[in-house]
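In terms of UniProt numbering, the sequence shown is numbered consecutively and its last residue is 234.
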Amino acid sequence: MTTVTGEAGATNATTVAIVDDHEAVRLGLRAACRDAGYEVVADTADVPTLLAAFDDPAVDPPKVVLLDLSLGDGSNVTDNVRAVLAVGSQVLVHSIADRVAAVREALAAGAAGVIPKSSPTASVIAAIATVARGDALNNVEWASAIEADRDFAKAQLGRRERDVLHLYASGLPLKLVAQQLGIAHSTAREYLDRIRAKYVEVGRPAPTKVDLLRRAVEDGILPGLDAEAGDARR
């Protein structure tokens with residue numbers, strides 16, 4: 001069940017929305033937020049459903065969106081965080097403890113903080129209050145875990161896979177990548193499939209060419225490029 005009211009009540013309570021693909025989690029968080037005095041204006045299984053409720057400029061978006069790190073609709077956390085931020089809400093990511101690479105992406109995309117799903121309810125409520133005030137959550141433990149995980153999170157690409165990624169993410173069509181490397185187009189496609197599979201294995205999926213560009217920059221295969229340059233290579 002998805003619940004969206006799309007409007008705030010008459011009180012000055014902090015407005016909260018919950019995005020999680022598990023209904024039981026949403027119901028539990030909704031009850032906890034209400035008990036704490038927050039006004040839950042929506043709970044949905046995905047970000048598009050949430051955002052659709054706030055298309056009307058006369059309807060204020062929630063102050064804080066409690067966002068599940070990994071949703072079942074195939075979306076990625078970077079896009080989800082940015083989409084929520086774009087409507088004016090703050091993002092507090094609700095995560096299990098073993099998704100360090102995805103947490104890094106969420107924080108890089110602008111999430112105000114991360115609260116583990118194993119946290120006591122009181123800690124979740126306190127984290128919402130912190131984010132609602134406009135403060136960043138203290139993520140010292142996550143920062144340490146992220147730093148420790150950097151090498152592990154890198155996809156272990158072979159030399160030829162790095163060559164393919166370098167050329168393809170730079171903007172060349174796959175056919176020209178194959179020609180430049182002196183391999184068949186089908187072989188280049190196999191390398192590209194392997195590259196994507198390896199990024200999925202380390203929790204850093206790259207389904208689009210822009211995503212592959214980001215991964216290449218993150219892993220030092222390409223120099224840093226601005227977002228507009230990245231979008232132009234789509």
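We put the CB at the ideal spot given by N, CA and C, even for glycine.
Determine the DSSP secondary structure at residue 294, reduced to helix, strand or coil.
The question about residue 294 has no answer here: the residues shown for the chain are numbered 1 through 234.
According to DSSP, which residues form a beta bridge with P61?
Per DSSP, none; premise fails for P61.
Buried versus exposed call for K63 [16 or more other C-beta atoms within 10 Å across all chains shown]
Counting Cβ neighbours within 10 Å, K63 comes out buried, since at least 16 surround it.
Are the beta-carbon atoms belonging to V103 and V91 less than 8 Å from one another?
no
What three-state label does DSSP hand T14 in the structure shown?
T14 falls in the coil class under three-state DSSP.
Minimum C-alpha distance to T187 - residue among V164, A58, A169, R196
V164
Whether or not the stretch 16-31 and the stretch 46-66 are in contact is what I'm after, with contact meaning three or more pairs of Cβ atoms, one per stretch, closer than 8 Å; do they touch?
yes
State buried or exposed for S118, treating a residue as buried only when at least 16 other CB atoms are found within 10 Å of its CB.
exposed
Using a Cβ-Cβ cut-off of 6 Å (strictly less than) and excluding sequence neighbours within five positions of F152, which residues of its own chain qualify?
Reliability of the predicted coordinates at F152 is poor, the pLDDT of 44 falling under 50, and the value obtained from them is presented with this limitation in mind. The answer is none, since no qualifying residue turns up.
Using three-state DSSP, classify A206 as helix, strand or coil.
Secondary structure of A206 (DSSP, three-state): coil.
Put A112 into one of helix, strand or coil per three-state DSSP.
coil
Beta-bridge pairing of S95 - partner residues as DSSP gives them:
DSSP output for S95 lists P116 as bridge partner(s).
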